[in-house]
Amino acid sequence: MSAAGALLVGGSTERASRLASGLSGERLWLRPAHARGEVEGLISLPFQPAEGLRLDGLPLPLDLVAVLSDQTAAGVRPRTLGARLELMREVLLEAFLPVREVLRRQRDWLRLAWIISPTPLNGCGSPERAAAEAAVLGLMRGVTREFATRASTVALVVDGAHDPEAVDRDLAATLQVLRDPGSSFYTGQVLNLTSGTWIAGA
Amino acid sequence: MKVASTRPTVLITGAAAGMGRAHCRCLIAEGWNVVAVDRDRTGLASLTAEVGAERVVTVEGDVRQPDLATAAVEVALDRFGRLDGLVNNAGYGLQRSLLDSSADDLLDQLAVHVEAALAFSLAAEPYLRQARGAIVNVSSEWALAGPCTWPQPPAVAYCAGKAGVLGLTRALARQLAPEVRVNAIAPGGARTETTLSHYDPETLARKIAGVPAQRWAEPAEYSLFVRYLLSPAARLVTGQVLSPNGGEVIAGG
Chain Z
9 MSAAGALLVG
19 GSTERASRLA
29 SGLSGERLWL
39 RPAHARGEVE
49 GLISLPFQPA
59 EGLRLDGLPL
69 PLDLVAVLSD
79 QTAAGVRPRT
89 LGARLELMRE
99 VLLEAFLPVR
109 EVLRRQRDWL
119 RLAWIISPTP
129 LNGCGSPERA
139 AAEAAVLGLM
149 RGVTREFATR
159 ASTVALVVDG
169 AHDPEAVDRD
179 LAATLQVLRD
189 PGSSFYTGQV
199 LNLTSGTWIA
209 GA
Chain A
1043 MKVASTRPTV
1053 LITGAAAGMG
1063 RAHCRCLIAE
1073 GWNVVAVDRD
1083 RTGLASLTAE
1093 VGAERVVTVE
1103 GDVRQPDLAT
1113 AAVEVALDRF
1123 GRLDGLVNNA
1133 GYGLQRSLLD
1143 SSADDLLDQL
1153 AVHVEAALAF
1163 SLAAEPYLRQ
1173 ARGAIVNVSS
1183 EWALAGPCTW
1193 PQPPAVAYCA
1203 GKAGVLGLTR
1213 ALARQLAPEV
1223 RVNAIAPGGA
1233 RTETTLSHYD
1243 PETLARKIAG
1253 VPAQRWAEPA
1263 EYSLFVRYLL
1273 SPAARLVTGQ
1283 VLSPNGGEVI
1293 AGG
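Note that the protein sequences, when read in sequence, are chains Z and A. My numbering puts the first residue of the first sequence at 9, with every later residue one more than the last. My numbering puts the first residue of the second sequence at 1043, with every later residue one more than the last.
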């Protein structure tokens, strides 16, 4: 069991609750504006990317930051192009700001995980959503190179359309494995957890 | 709209210099008309002087301007009466540490590479559908592998922007099918004035030593792939990424 903390970013109250129940140690959640309610056993901090982020008082060290960038799949679906572009920017900022702040404050090794849907890889979805989640993949690759000696990265591809509870249970179990420093050589990779709903080469 | 030209017409952003200019030269040589978009007035004038005003029309502006895409498409229709291809090439590199990168840095990379490409694609869509045309988006090998060239400079925001182009490409390929094909190229190093000016000869030699092909490409070599993806020879190719990079990024299987 990990002694260090885990930081979840984004997602709904239900998802945060499900994921937190599968993770050990102190658990924090950067709760987006649209998520309502608290989760028992989870320290929640309100977070709106457009307003920036200060993580003063964050209990360190963390050994896991997991960003739920696939939220556009089940979340809000704006109708206008302008609103969809705004959501795209928010997804990317949500993937960027917390990671930057944690890396500024901590030198200890940690696992950085970004959870995405198959959309950026198979193009099924709106162009803005595909671009946002693909940009998250690019972010992951850039971070991998820059922080190779003190962070390991991964992008986890999930498809929660049919059985979100099972997906999150497996996701939490996978994150629990990947926050073990013994997994640190596994970095910069895309790990497919879609149970075969999305199969493609490389 | 005037009577359509007998020649196909392509709109190219970031056309005044570097790879964009090479694409203009290549496609004009191949028989295309070109609508060249760039914010560099001097560069556009020199392009016109080089290739002649008969086959190129220029549009000055920054791709982040909200109405530029619509205006440029209108210029294409007014001048040539048709639009068959779009090359979303405009962009710029940003080598900056994550820790020093601001939210604005990230959002500007998104604006230049993704939002501009989307705006031009949507503005061109009806005419590309009519012509059964094609879009080529210009990404980077760094979108696929991060900043892989020695000394692996930090460039998180740039990698995010260029990777966003790939997701955009795949989704647009589905959305605009079957009339319009949408693909991307993810080039490796190019011997453009801009990139060569970034490095001293020793650094450049060391970077190139890490490329299996032992060289960086001339911009025109990438134009061949743009030309191919716009051509009927690629009629079965859509939603794909071609990465000509001299072997610098080898992955997949």
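No residue lacks a Cβ here, since even glycine has one placed at the ideal position from N, Cα and C.
Between W117/Z and P57/Z, the CB-CB gap reaches or exceeds 8 Å.
Near chain Z, meaning a CB-to-CB distance below 8 Å, the residues of the segment 1130-1158 of chain A are S1139, L1140, L1141, S1143, A1145, L1148, L1149, L1152, V1156, E1157. The segment 1237-1245 of chain A makes no contact with the segment 1151-1171 of chain A, as fewer than three CB pairs between them are under 8 Å. Contacts with chain Z at 8 Å (Cβ-Cβ) do not include Q1172/A. Pairing R137/Z with D78/Z, the inter-Cα distance amounts to about 9 Å. For the pair G1135/A and V1224/A, the CB atoms are not nearer than the 8 Å cut-off.
The Cβ neighbour count for Y1241/A, taken over all protein chains shown within 10 Å, is under 16; the residue is labelled exposed. DSSP places I1250/A in the helix class (H, G or I) of the three-state scheme.
For E141/Z, the residues of chain A that pass the 8 Å Cβ criterion are G1209, in the order they occur in the chain. For the pair A142/Z and L100/Z, the CB atoms are not nearer than the 8 Å cut-off. In this model, P106/Z and T1090/A are separated by some 47 Å (Cα to Cα). DSSP places N1179/A in the uninterrupted beta strand (DSSP E) bounded by 1176-1180.
S1163/A sits away from A1228/A, with the two beta carbons spaced by 8 Å or more. Counting only runs of 3+ residues, the beta strand (DSSP E) found wholly inside the segment 1114-1150 of chain A occupies 1127-1130, in chain order.
If you check each beta-carbon in the segment 100-119 of chain Z against every beta-carbon of chain A, the ones closer than 7 Å belong to L100, L101, F104, L105, R108, L111, R112.
Neighbourhood of E94/Z in chain A, by CB distance below 9 Å: empty, with the nearest CB roughly 11 Å away. Counted as a single uninterrupted DSSP element, the beta strand (DSSP E) harbouring D1080/A occupies residues 1075-1080.
Close to chain Z, meaning a Cβ-Cβ distance shorter than 7 Å, are the following residues of the segment 1205-1235 of chain A: A1205, G1206, L1208, G1209, L1210, R1212, A1213, L1214, A1215, R1216, Q1217.
Here DSSP, grouped into helix, strand and coil, assigns W1184/A to helix. The contact set of S134/Z on chain A, defined by CB atoms closer than 9 Å, consists of A1213, Q1217 in chain order. Around C1201/A, the beta-carbon contacts reaching into chain Z at under 8 Å are G146, L147, R149, G150. Counting only Cβ-Cβ distances below 7 Å, R153/Z has contacts in chain A at G1188, P1189, Q1194, in chain order. By the neighbour-count definition (other C-beta atoms within 10 Å, threshold 16), K1204/A is a buried residue. A1197/A belongs to the set of residues whose beta carbon lies under 8 Å from a beta carbon in chain Z.
With three or more CB-CB distances shorter than 8 Å, the segment 144-164 of chain Z counts as touching the segment 179-196 of chain Z. Per DSSP, V75/Z is one residue of the beta strand (DSSP E) stretching across 70-76.
Leaving aside the five residues that flank L53/Z on each side, the residues in its chain whose CB is nearer than 6 Å to its CB run, in chain order, L38.
Taking each of N1179/A, V1098/A, W1192/A in turn and checking the Cα distance to A1118/A, the smallest one comes out for V1098/A. Listed in chain order, the positions of the segment 36-60 of chain Z with a beta carbon within less than 9 Å of a beta carbon of chain A are P57, A58, G60. When 7 Å is used as the limit between beta carbons, G1281/A is near these residues of chain Z: G131, in chain order. For G196/Z, the nearest beta carbon of chain A is closer than 8 Å to its own beta carbon. Not a single C-beta of chain Z is nearer than 8 Å to the C-beta of L1278/A.
Any Cβ of chain A closer than 8 Å to the Cβ of P86/Z would place that residue at the interface, and such an atom is absent. Listed along chain Z are G146, each with a C-beta nearer than 7 Å to that of A1185/A. In the structure shown, G1209/A adopts helical secondary structure according to DSSP, grouped into three states. P1261/A and L1238/A have their C-alpha atoms spaced approximately 12 Å apart.
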